[in-house]
Structure formats: C-alpha cells, structure tokens
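Numbering (this note's numbering), first residue to last: 616 to 779. Beneath this line is the structure, given in structure tokens, with notes to follow.
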C-alpha cells in the first residue's frame with residue numbers, strides 16, 4: 616500500500632482549513648485517511664505559531680515507514696526540521712517570453728538611437744560653438760570692408776552734391 620502525507624481540506628467556502636494526514640495514495644483528497652498528524656490554517660499570519668501544527672514524532676515515524684510527502688507537506692516538514700527539502704530550481708521559469716524579448720530589443724534599439732542622436736546634437740552644438748568663435752574674427756574683417764564701402768558711397772554722394 617502506497618502511503619502519502621498530504622493535505623485534506625476542510626472549512627467552508629473561501630475559508631480553507633487543512634488537516635495534514637497520512638493516507639493511502641489511492642484514496643480521495645478529503646476521503647479516508649489513516650492518521651491525522653497536524654493542521655494548517657492558511658488564513659493565519661505567516662509568523663503565527665498556530666498556522667502549522669505538526670506532530671513531529673508521528674511524521675518521522677511515517678517517513679521511516681515509507682510515506683511520501685506532497686510538495687506542500689514537504690515544505691512544512693522542512694520548516695519544522697523533520698526532513699530536508701532540496702530547493703527546486705527552474706531557470707526557464709524566470710525567462711521572459713518571446714514578445715517580451717522583442718519589446719525589450721525594440722526599446723534597446725530606440726534608446727541606442729536616441730543616445731546617438733543626442734551625441735550627434737551635442738557634437739553639432741560643440742562644432743557650432745567652436746565655429747562662431749572663429750567667425751567673429753572673420754566677420755570683423757568684412758565689417759571693416761563694409762565701413763570703407765559705406766564711406767565710399769557717402770563720399771561719392773558728397774561729390775554728387777558738390778557737383779549738383
């Protein structure tokens with residue numbers, strides 16, 4: 616006879632209360648069981664001592680006889696120190712899906728393009744800042760030429776007035 620240590624649900628709708636039982640693996644979840652070895656009340660706070668009540672001596676006995684605990688009961692046994700439970704590792708569970716990967720790649724491309732555009736704008740601004748510093752010297756020379764050209768028409772106008 617295959618034995619299992621599992622939870623048997625009690626309580627009303629939306630108010631669960633579980634008994635930790637040793638039962639034949641073929642019997643229904645809330646059906647016939649061999650022995651009740653504890654209780655679990657998920658409605659209580661996680662740090663409450665009455666949340667999990669377990670008879671550790673009987674649990675050790677049933678484990679030695681060959682009863683197989685379910686995942687949840689194995690967690691309880693690990694918390695109470697009756698049986699070590701190896702932590703499960705599923706690295707694929709934490710990986711994002713295909714669509715999320717595509718969205719992340721698109722976002723990275725947009726960010727990279729924005730950084731490049733910002734870098735180009737900064738370089739253009741630096742070039743523009745450097746170019747006007749050189750241009751005023753170049754503009755002063757034409758300004759001097761303009762001044763001479765302005766004087767020349769004025770002188771010509773003066774000559775015209777004198778003649779006329």
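Backbone N, C-alpha and C define an ideal beta-carbon position, used for all residues, glycine too.
| Query | Result |
| --- | --- |
| Do you know how far the Cα of residue 702 is from the Cα of residue 633? | 24 Å |
| Here's the rule: buried if 16 or more other CB atoms are within 10 angstroms of the residue's CB, otherwise exposed. What is residue 643? | exposed |
| Of the residues 628, 706, 743 and 623, which one's Cα is nearest the Cα of residue 650? | 623 |
| I want to know whether the stretch 650-670 touches the stretch 687-707 - three or more CB-CB distances under 8 Å. | yes |
| Comparing the CB of residue 713 with every heavy atom of the ligand NAP, is any distance shorter than 6 Å? | This structure lacks the ligand NAP, and indeed carries no ligand of any kind. |
| Please go through the stretch 652-702 and give each complete beta strand (DSSP E) segment of 3 or more residues, from N-terminal end onward. | 667-669 |
| Considering only the beta carbon of each residue, do residue 674 and residue 618 sit closer than 7 Å? | no |
| Taking the beta strand (DSSP E) that residue 617 belongs to, which residues open and close that run? | That residue, residue 617, is in no beta strand (DSSP E); it is neither H nor E in DSSP. |
| State the DSSP-derived secondary structure class of residue 640, mapped to helix, strand or coil. | coil |
| So, using beta-carbon positions, are residue 616 and residue 639 closer together than 7 Å? | yes |
| Measuring only between beta-carbons, confirm whether residue 717 sits less than 7 Å from chain D. | Given the protein chain composition of this structure (a single chain), no chain D is represented. |
| Distance, Cα to Cα, residue 740 vs residue 710? | 42 Å |
| Relative to the alpha-carbon of residue 668, which residue among 678, 716, 697 and 718 has its alpha-carbon at the smallest distance? | 697 |
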